[in-house]
Amino acid sequence: MVNPTIFEISSPGRTGVTFPEPDVPAASLPETLLRDNLPLPELSEVDVIRHFTRLSQLNHSVDTGYYPLGSCTMKYNPKINEETSRLPGFAYLHPLQPIETVQGALGLLYETQEWLKEISGFDAMSLQPAAGAHGELTGVLIMRAYHRSRGDTKRVKMLIPDSAHGTNPASSAMIGLKVVQIPSDARGNIDLDALKAECDDTLAGLMITNPNTLGLFDENLTEICDTVHKAGGLVYGDGANLNAIIRLFIIPPCNSWRKL
Ligand SMILES: Cc1ncc(COP(=O)(O)O)c(C=O)c1O
1171 MVNPTIFEIS SPGRTGVTFP EPDVPAASLP ETLLRDNLPL PELSEVDVIR
1221 HFTRLSQLNH SVDTGYYPLG SCTMKYNPKI NEETSRLPGF AYLHPLQPIE
1271 TVQGALGLLY ETQEWLKEIS GFDAMSLQPA AGAHGELTGV LIMRAYHRSR
1321 GDTKRVKMLI PDSAHGTNPA SSAMIGLKVV QIPSDARGNI DLDALKAECD
1371 DTLAGLMITN PNTLGLFDEN LTEICDTVHK AGGLVYGDGA NLNAIIRLFI
1421 IPPCNSWRKL
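Printed below as a string of structure tokens:
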């Protein structure tokens, strides 16, 4: 069934909310803010609610069906997390609100950062990236800055396993790196021979997700990281699936996964 757009169900003159007569003198708006034409749909409140509720029911969601993808299932947020993020103390914060009124939220961010440092084994952590792909972009920019800081300007090649999420090659391509896809072997691991063949002095690094987007732990992670490091490259660990490796692996400062 094709659902009409909200403009198609609009009726001229219909409104969702009727304001009471003002009890203060009316003031006119500045001329520059006035316009002759404002093409917005005109509907009652209940028409709008019904329209968007109908559309929302067309979405496949974890509440109504199975998610067959490995990584997105693992990072699915439990309902309690969604409830928590909706607490008024978080949901109604304003970015420009006085600093003394947001100490609770800042304290929570600081603690999260300290926990992530402990979990990941890194010395420092940034909570600035707003999503997975944004974090990837931050990571590949750091990798590029590292090579440039050493005057190593020919390192422009980023290796990405064919099991990777599409945002990995997109993030690397966005900053002008050359993306080379590494095939998986019959067990779903990164093909080691194909990886070694690409590890030369133009290597910027490897982006790896563990477990990968198929939901598989790569059996050769230590060897993979060592191979890339020996060639002068860096390894980016995609955090999308971090919850699945907590308590199984640590990533010590040398940036190689180690099984606990
Ligand atoms: C393995 C992996 N990496 C990166 C991303 C990108 O994350 P985001 O959607 O938060 O930008 C996803 C998203 O599904 C993912 O599954």
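The numbering used here applies: residue 1171 is where the sequence shown begins, and numbers increase by one. The beta carbon of each residue, even a glycine, is placed where N, CA and C say it ideally should be.
When the distance is taken between beta carbons, is residue j closer than 9 Å to residue i?
| i | j | result |
| --- | --- | --- |
| G1375 | M1313 | yes |
| C1369 | T1397 | yes |
| I1352 | I1330 | yes |
| A1401 | L1373 | yes |
| V1187 | E1215 | yes |
| N1411 | N1380 | yes |
Under the criterion of a Cβ to heavy atom distance below 8 Å, does residue i qualify as lining ligand 1?
| i | result |
| --- | --- |
| N1229 | no |
| A1301 | yes |
| H1335 | yes |
| T1383 | yes |
| N1413 | no |
| A1343 | no |
| H1304 | yes |
| A1401 | no |
| D1371 | no |
| T1188 | no |
| D1408 | yes |
| N1338 | yes |
| T1379 | yes |
Mapping DSSP to helix, strand and coil, what is residue i?
| i | result |
| --- | --- |
| L1404 | strand |
| S1354 | strand |
| N1380 | coil |
| K1287 | helix |
| K1327 | strand |
| V1349 | strand |
| I1431 | Residue 1431 lies beyond the residue range present for the chain, which begins at 1171 and ends at 1430; the question has no answer from this structure. |
| I1415 | helix |
| L1199 | coil |
Round the Cβ separation of residue i and residue j to the nearest angstrom and send it over; I've been treating them as touching at under 8 Å.
| i | j | result |
| --- | --- | --- |
| M1377 | D1408 | 6 Å |
| T1383 | A1334 | 6 Å |
| G1305 | P1299 | 4 Å |
| Y1236 | G1309 | With a Cβ gap of about 31 Å, Y1236 and G1309 do not count as contacting. |
| L1257 | N1173 | With 8 Å as the limit, L1257 and N1173 do not qualify as a contact, their Cβ atoms being about 34 Å apart. |
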